[in-house]
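Just below is one structure, and these are the notes that go with it.
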Amino acid sequence: MNGSLAHFESEEYNAAVKVVEVLVENGHLAYLAGGCVRDLLLGEVPTDFDVATDARPEQIKGYFRRTTSVGAAFGVMLVRDFRQTIEVATFRSDGVYSDARRPDSIEYSSPEKDARRRDFTINALFVDPLADDEAHQIIDFVDGVVDVHARVLRAVGNPEDRLREDHLRALRAVRFAARYGLEIEKHTKDAIRRHARELVGVSIERIGDEVRKMLVHPSRIRACVLIDELRLDDAIFGDVRPFDQSVMNALPESVSYPSALVALAIGRGHALEDTPDAICVRYRKALDLSNTDRDGMRAILDCLGSFVARWDGLSESGRKRLASRSWAMESLSILEAMNPGRARNIRAQIEALKIRFGGLNPKPLLTGADLIELGIPSGPAYKEILDAVYDEQLEGRVETQPQAIRFVEEMAKQSENENNMNK
Ligand code: ATP
Ligand code: MG
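If you count the sequence shown from 1, you need to add 31 to reach this note's numbering.
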């Protein structure tokens, strides 16, 4: 075994074990289940510890003081008695899937049936945390332990049926295979390929959620390569484009979702022929991006375009403004991946700008409130005036507030003269 179950400790693990203890004291079967078992066996730190039990939701409610029912139709309860939120689900088998997403009905059942309704063997294991010796700790109805050790991702039961029931499993397969470096077993792979087109019917929220998890993880390249290899790209993004990993490959391990999306879009050959708007619209629609992620993607692409095409012709204030835009640094990381020499050059220039005239984005010497105080009639001209005086500040021609006020008064005088001349 890679990870040791016996020696794992965390507040959440301890809380989950206490939940198991209470259930067992009341005469029930109760195990840790699903993702946490997989993560422990693979030597990863689980994100959460779920409990599976033969106690029914009404019984669970009676054993603990703080419970909430979630997904009542699935018999899932949250238990909060031990300062953590532990999900407790009753063993169940899923009924027929008529919408390829959720079973029409569920039925409370045995641990074995509960294991068999799960998607992949590595996700279908239980651990009895109260067992005396390690040999009895793992409860495995689907030969999942063998697959964990062989690092194989295999559908539970007949892959064809399992992929037909819930098409999202194709993406879950990619995510798990990429994240843990697993080989997808041949029949499972064939079934994913065969059902690739049907992913189109899955809601974009669920697809987007999976893709986000893949892209924010350091294993993002493996995931993108698998998406291509399994021909899932058409169903996810609405077009077939071979993925070139070079830009993504040069990104740091930990990057924001918008940065990873831009690397994906460039890797799929986008940025070069499309406008940033068209790219963002496409990915927002395909992945149900939030406004924040969409705006981030858009800003990175905009900055990237400016660093590539406009930087050399910008004034000092223009460069400072660009360099201090949000997402500018993410955009430079992408540029670094595309053209390291140019990115290094721009970075060096930005470093130099940081120590000139108050740096990249000093506090403005004048604000709208100051203009009001100066008696300048408020209106659309304010932005123009403030921009102009800030440019002067960024370029070091205006260094104090009195100088800024004088500059504004000069500006006002000039525009008055121009108005008079136009009369
Ligand atoms: P992670 O939380 O890291 O994404 P996980 O395996 O815990 O991975 P969850 O979505 O939290 O994934 O689901 C918990 C468990 O429920 C899984 O381990 C799996 O056994 C089962 N499960 C989840 N989604 C499906 C599905 N679409 N089909 C079948 N079983 C599923
Ligand atoms: Mg989970």
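Each residue gets a CB set at the ideal place from its N, CA and C atoms; glycine is no exception.
beta-carbon residue i near the ligand ATP non-hydrogen atom, thresh 6 angstroms
i    : result
G298 : no
R149 : yes
D178 : no
G399 : no
D455 : Past the boundaries of the shown model lies residue 455; the chain is included only from 32 to 454, so the question cannot be answered.
N189 : no
D197 : yes
N154 : yes
Any non-hydrogen atom of the ligand MG closer than 6 angstroms to residue i Cβ
i   : result
G74 : no
Bridge-paired residues (DSSP) for residue i
i    : result
M245 : None; M245 has no bridge partner.
V101 : V107
A61  : T84
V158 : L63, I169
E214 : V183
A120 : A83, V107
Segment limits, alpha helix (DSSP H) that includes residue i
i    : result
D125 : Per DSSP, D125 belongs to no alpha helix (DSSP H); it is in the beta strand (DSSP E), 123-125.
I403 : 399-404
D422 : 412-425
L194 : 190-196
D324 : 322-340
L363 : 359-369
L353 : 347-354
G298 : 288-298
K144 : 142-147
Q115 : Segment: none, Q115 is in no alpha helix (DSSP H) and carries neither H nor E.
R315 : 307-318
E229 : Where E229 is concerned, there is no enclosing alpha helix (DSSP H), given that its DSSP letter is neither H nor E.
S446 : 432-453
A47  : 42-56
N280 : 277-280
Own chain partners of residue i with C-beta closer than 8 angstroms, once the 5 adjacent residues on each side are dropped
i    : result
G34  : Residue placement at G34 is poorly supported in this model, since its pLDDT is 49, which falls under 50; the coordinates are not used for a value here.
L405 : I436, V439, E440
The beta strand (DSSP E) enclosing residue i, as first and last residue numbers
i    : result
V82  : 81-84
I153 : No beta strand (DSSP E) holds I153; DSSP gives it neither H nor E.
I137 : 137-139
Beta-carbon contacts of residue i that lie in its chain and below 7 angstroms, excluding the five residues immediately before and after
i    : result
D270 : none
R251 : M245, M279, A291
M32  : At M32 the pLDDT is 42, less than 50, meaning the model places this residue with poor confidence; the figure from the coordinates comes in the next sentence. Excluding positions up to five away in sequence, the list reads L72.
R185 : F151, T152, D178, E216, T219
G248 : For the record, residue 248 in the displayed sequence is His; it is not Gly. The residues are R210.
A374 : L363, L366, E367
R237 : L199
Cβ neighbours of residue i in the same chain (closer than 6 angstroms, five flanking residues each side left out)
i    : result
H399 : Checking the displayed sequence, the identity of residue 399 turns out to be Gly instead of His. Result list for G399: Y413, in chain order.
E65  : One detail in the question is off: residue 65 reads as Gly in this sequence, not Glu. Only D81, N154 meet the Cβ criterion.
T116 : L109
A354 : I381, L391
Q424 : L396
R299 : R272, F274
Proximity test, residue i beta-carbon vs the ligand SAH heavy atom, cut-off 6 angstroms
i   : result
G66 : As presented, the structure is devoid of the ligand SAH, carrying the ligand ATP and the ligand MG as its sole ligands.
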